[in-house]
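Undergrad:
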Amino acid sequence: MLMRTAPFRELDRLTQQLLGPGTWSRPSAMPMDAYREDDEYVMAFDLPGVTEDAIDIDVERNMLTVKAERRPVMKADDVQTELSERPLGVFSRRLVLADSLDTEHIKADYDAGVLTLRIPIAERAKPRKISVGVGSGRKEISG
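For the sequence shown, the numbering used here begins at -11 and goes up steadily by one.
If you want it as structure tokens, here you go:
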């Protein structure tokens, strides 16, 4: 159902830690889980601290793109930061979806820092029974 397009994801994660936050031209990867549940394909993306309006989901043909931006929290002028480990910047994930998924009916929910996409399995991809008919009579071959 899903083809991974980021074979160097772990290297990207280490690079992000060394180089800093992602930008729109060089976004950081976001962790995700993907699984099939009944007649839907479900993808869950971890986006803690991202507001709902900072999430952008696009589908073009069978390419799904999820982008999100975690913005810094505005602090008062008299606050001095002692430690800042939570990553800020732009996060993105591009996935090639199988033709057996119905991309016209994707549902997206965002709750407790997790973006969940539910993509129905297309009717043409669902298993179905084919009945076998009986012929309309006996045929003889004569020579």
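Ideal placement from N, C-alpha and C gives every residue a C-beta, glycine not left out.
Evaluate contact between the stretch 72 to 84 and the stretch 111 to 118, counting only Cβ atoms and requiring at least three cross-stretch pairs below 8 angstroms.
TA: Too few Cβ pairs lie closer than 8 angstroms, so no.
Undergrad: Can you tell me where the beta strand (DSSP E) with Met18 in it begins and where it stops?
TA: Segment: none, Met18 is in no beta strand (DSSP E) and carries neither H nor E.
Undergrad: Return the bridge partner residues of Thr53 from the DSSP annotation.
TA: Looking at the DSSP assignment, Thr53 forms a beta bridge with Asp46 and Arg82.
Undergrad: Determine the direct distance from the alpha carbon of Leu85 to that of Leu35, and round the result to whole angstroms.
TA: Distance between the alpha carbons of Leu35 and Leu85: 21 angstroms.
Undergrad: Comparing the CB of Thr104 with every heavy atom of the ligand HEM, is any distance shorter than 7 angstroms?
TA: You won't find the ligand HEM in this model; it holds no ligand whatsoever.
Undergrad: Would Val47 and Ile109 qualify as a contact pair, given that the criterion is a beta-carbon distance under 8 angstroms?
TA: No, they are not a contact pair.
Undergrad: Which two residues bound the contiguous beta strand (DSSP E) that contains Val102?
TA: Element bounds for Val102: Val102 to Pro108.
Undergrad: Whole angstroms are fine: how far does the CA of Glu70 sit from the CA of Met51?
TA: C-alpha separation (whole angstroms): 41 angstroms.
Undergrad: Determine the extent of the beta strand (DSSP E) in which Asp97 is found, giving its start and end residues.
TA: Asp97 -> beta strand (DSSP E) spans Lys95 to Asp99.
Undergrad: Find the nearest neighbour of Val102 within the set Thr39, Glu25, Asp26 and Glu28, judged by alpha-carbon distance.
TA: With distances taken between Cα atoms, Val102 lies closest to Thr39.
Undergrad: Rounded to the nearest angstrom, what separates Val30 and Leu105 at their Cα positions?
TA: In a straight line, the C-alpha of Val30 is about 6 angstroms away from that of Leu105.
Undergrad: Look at Met18 and Ala64 and say whether their C-beta atoms are less than 8 angstroms apart.
TA: The answer is no: Cβ separation not under 8 angstroms.
Undergrad: Exposed or buried, what is Val54 when buried is set at 16 or more other beta-carbons lying within 10 Å of its beta-carbon?
TA: The residue in question, Val54, is buried, as its Cβ has 16 or more Cβ neighbours within 10 Å.
Undergrad: Do Ser16 and Pro75 have their beta-carbon atoms positioned less than 8 angstroms apart in this structure?
TA: In this structure, Ser16 lies closer than 8 angstroms to Pro75 by Cβ.
Undergrad: For Met31, report the span of its beta strand (DSSP E) as first-last.
TA: It spans Glu28 to Asp34 - the beta strand (DSSP E) in which Met31 sits, taken as one unbroken run.
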